[in-house]
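Notes to accompany the following structure.
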Amino acid sequence: MRHTLPHAPQFYVTAPQPCPYLHGRAERKLFTALAGDSANELNNALSRQGFRRSQNVLYRPSCESCVACMSARIRVSDFAPSRTQRRVTRKNAHLRRLATSAWATEEQYELFRAYLDERHADGGMADMDIFEFAAMIEETPVRTRVIEYRTHQGDGAETPPPPDNDRLVAVCLTDVLDDGLSLVYSFYDPALDSFSLGTHIIMDHIELARSAGLPFVYLGYWVPGSRKMDYKAKFAALEIYKGGVWQPIGDPAQHTSDIHPLSIDPIVEQVARINLPSTRK
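Going by full-length UniProt numbering, the sequence shown opens with residue 1, and the numbers climb by one from there.
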């Protein structure tokens, strides 16, 4: 079904599908195309309103009887790592960051396949081939970077690095917004579980945003009650987009996905409240 605002992008809603986060629930998404000269402005504006990017589409959960999925971001200036997170940084001191353009490689795809086969063998991406992977990386009309993490021989590592030098061990597809970095999708070597590479990617992006003077790191959706998403609530200075505003997460246990279905606004009203970037030049 299509929903349109005057002189604005057209918004659509998907049919309900099984929820990948909460068993027995159905998900539905509100989405719009991301293209043209105003793509960056639209990505910036909607990211601040809980939307996420997937290739040339911006989407936000709009389920009929659930509001569990909440966009999450870290306030960079207020972030202080925990003792465990500081240890993760020390354990990965042997890694170097390499920021490249949004261009897919066979090396990245091999790592992606190893990650999926070990962590998400029954997920929606399980059958993704190299051409679909390339589309995920390269089909972007906005400012996007591929951040690679590679081994290198150097001092300061708490744990000895893997023996092979310059090996790709982690990748993050990252959008550069006007107010932060948005982690679109990340994957890493599942054989290096003890290095907590997922946490390291987030920690490194916080430092990358800090050095660039960007106030936020966007982590995607946090879902209370989903074990897959518990790790996001472990980061200090975390905000969630709830009730149309960004707010500190506070005690994660106080958030619930239970809601009366009649309290969820119709799609048309949700679209009407979306703030769009000015089209005036």
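Each residue gets a CB set at the ideal place from its N, CA and C atoms; glycine is no exception.
On a predicted model such as this, the values are computed, not experimentally measured, just so you know.
Rounded to the nearest whole angstrom, the C-alpha separation of I264 and K242 is 13 Å. Look at S101 here: in three-state DSSP terms it is coil, with no helix or strand label.
The stretch 211-231 and the stretch 70-77 touch, with no fewer than 3 CB-CB distances between them shorter than 8 Å.
Within the UniProt domain "N-end aminoacyl transferase N-terminal" (17-87), the complete beta strand (DSSP E) segments of 3 residues or longer fall at 29-33, 52-54, 57-61 and 70-75, listed in chain order. Note that the stretch 39-48 does not touch the stretch 192-202; fewer than 3 beta-carbon pairs, one per stretch, sit closer than 8 Å. Take E64, set aside five residues on each side of it, and the residues of its chain with a beta-carbon closer than 8 Å to its own are P16, A26, R28, P261 and I264, in chain order.
Straight-line measurement puts the Cα of A237 at about 12 Å from the Cα of W246.
With respect to the 9 Å criterion, N40 and D178 are classified as neighbours on the basis of their beta carbons. D175 carries a strand assignment under DSSP once its states are collapsed to helix, strand and coil. Below 8 Å, enough C-beta pairs join the stretch 75-87 and the stretch 205-219 to call them touching: three or more. Taking S82 as the centre and dropping the five residues before and after it, the same chain places the C-beta of K234 and A236 closer than 8 Å to its C-beta, in chain order. Listed as beta-bridge partners of I206 by DSSP are no residues whatsoever.
Here the C-alpha atom of L192 lies approximately 15 Å from the C-alpha atom of R113. The Cβ-Cβ distance between R145 and L168 does not fall below 9 Å.
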